[in-house]
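What follows is a short report on a single structure.
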Amino acid sequence: KEVSVYAKAKEEGSYQYTVTIASFSHAVKELQKTITVASCPNIALKAYSSAQETCPCSTGAYVFELENTGNFPETYSLELAGMDAEYYDLSEYTVTLAPGEKKDIYAYVRMACFVWGSFDFTLHAETAMSSYTAEIPLSLEIPQSCYNYDIALGEAVLFEENETMDISFRDA
Numbered sequence: 365k366e367v368s369v370y371a372k373a374k375e376e377g378s379y380q381y382t383v384t385i386a387s388f389s390h391a392v393k394e395l396q397k398t399i400t401v402a403s404c405p406n407i408a409l410k411a412y413s414s415a416q417e418t419c420p421c422s423t424g425a426y427v428f429e430l431e432n433t434g435n436f437p438e439t440y441s442l443e444l445a446g447m448d449a450e451y452y453d454l455s456e457y458t459v460t461l462a463p464g465e466k467k468d469i470y471a472y473v474r475m476a477c478f479v480w481g482s483f484d485f486t487l488h489a490e491t492a493m494s495s496y497t498a499e500i501p502l503s504l505e506i507p508q509s510c511y512n513y514d515i516a517l518g519e520a521v522l523f524e525e526n527e528t529m530d531i532s533f534r535d536a
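Okay, structure coming up:
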């Protein structure tokens with residue numbers, strides 16, 4: 365009969381174990397065995413783009429490829445570390461991949477409308493079974509120039525109390 369031995373992937377090293385075989389006639393045989401557990405990371409993460417520039421109230425989109433490089437199915441949890449959760453959405457927060465399977469993950473970052481500046485954060489992925497992690501540093505630039513508006517005042521306009529007035533703005 366085939367017997368499988370499972371070890372957590374980060375518990376690498378050599379281990380000795382004893383296999384005890386007993387028959388119905390109470391004959392017993394013991395076999396001493398050694399097993400070597402190697403470190404086998406089962407996560408690969410790459411970004412198609414790690415930097416975005418948007419204006420306030422706009423969405424920056426990032427695309428990543430997550431791959432299970434291991435020999436067994438694995439579940440991955442994902443987050444944008446260093447970014448408040450109210451400002452981003454991921455296409456998947458947890459995903460299970462078969463060995464060798466790849467999947468594109470999308471991150472959408474939208475800062476509050478009154479915010480500008482440079483922001484650095486990290487896509488963090490972690491395996492459930494083996495606790496391996498992968499990270500990709502990311503950046504988002506929201507230039508202050510997005511706020512560059514001109515208002516040109518012309519002649520005074522008189523209008524009645526319930527009359528509507530159309531006002532238009534143009535980006536300088």
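Start counting the sequence shown at 365; every next residue gets the next number (my numbering).
Using N, Cα and C, we set each Cβ at its ideal position, and we do this for glycine too.
Can you tell me the Cα-Cα spacing of residue i and residue j, whole angstroms?
| i | j | result |
| --- | --- | --- |
| Thr398 | Gly377 | 10 angstroms |
| Gln508 | Ala445 | 24 angstroms |
| Ile531 | Gly481 | 29 angstroms |
| Phe428 | Val383 | 45 angstroms |
| Ser494 | Arg534 | 55 angstroms |
| Glu417 | Thr460 | 31 angstroms |
| Asp484 | Lys410 | 17 angstroms |
| Glu499 | Gly424 | 19 angstroms |
| Lys466 | Thr458 | 14 angstroms |
| Thr433 | Leu487 | 18 angstroms |
| Phe478 | Cys510 | 11 angstroms |
| Leu395 | Pro463 | 32 angstroms |
Tell me, to the nearest whole angstrom, how far the beta carbon of residue i is from that of residue j; I am working on the premise that it is less than 8 angstroms.
| i | j | result |
| --- | --- | --- |
| Ile506 | Met475 | 6 angstroms |
| Ser414 | Leu502 | 5 angstroms |
So with Cβ pairs under 7 angstroms, would you call residue i a contact of chain D?
| i | result |
| --- | --- |
| Thr384 | As a matter of chain content, chain D is missing from the structure shown, which is built from one protein chain. |
So what does DSSP say about residue i, is it helix, strand or coil?
| i | result |
| --- | --- |
| Ser389 | coil |
| Tyr496 | coil |
| Ser509 | helix |
| Gly464 | coil |
Using C-beta distances below 6 angstroms, list every residue in its chain close to residue i, excluding the 5 sequence neighbours before and after it, in chain order.
| i | result |
| --- | --- |
| Ile469 | Phe428, Leu430, Ser455, Glu456 |
| Pro405 | Tyr496 |
Report the start-end ranges of each beta strand (DSSP E) in the stretch 411 to 458 that is 3 residues or longer and not cut off at the edges. For the beta strand (DSSP E) assignment, the uninterrupted runs of no fewer than 3 residues enclosed by the stretch 411 to 458 are, from N- to C-terminal side, 415 to 417, 424 to 431, 438 to 445, 452 to 454.
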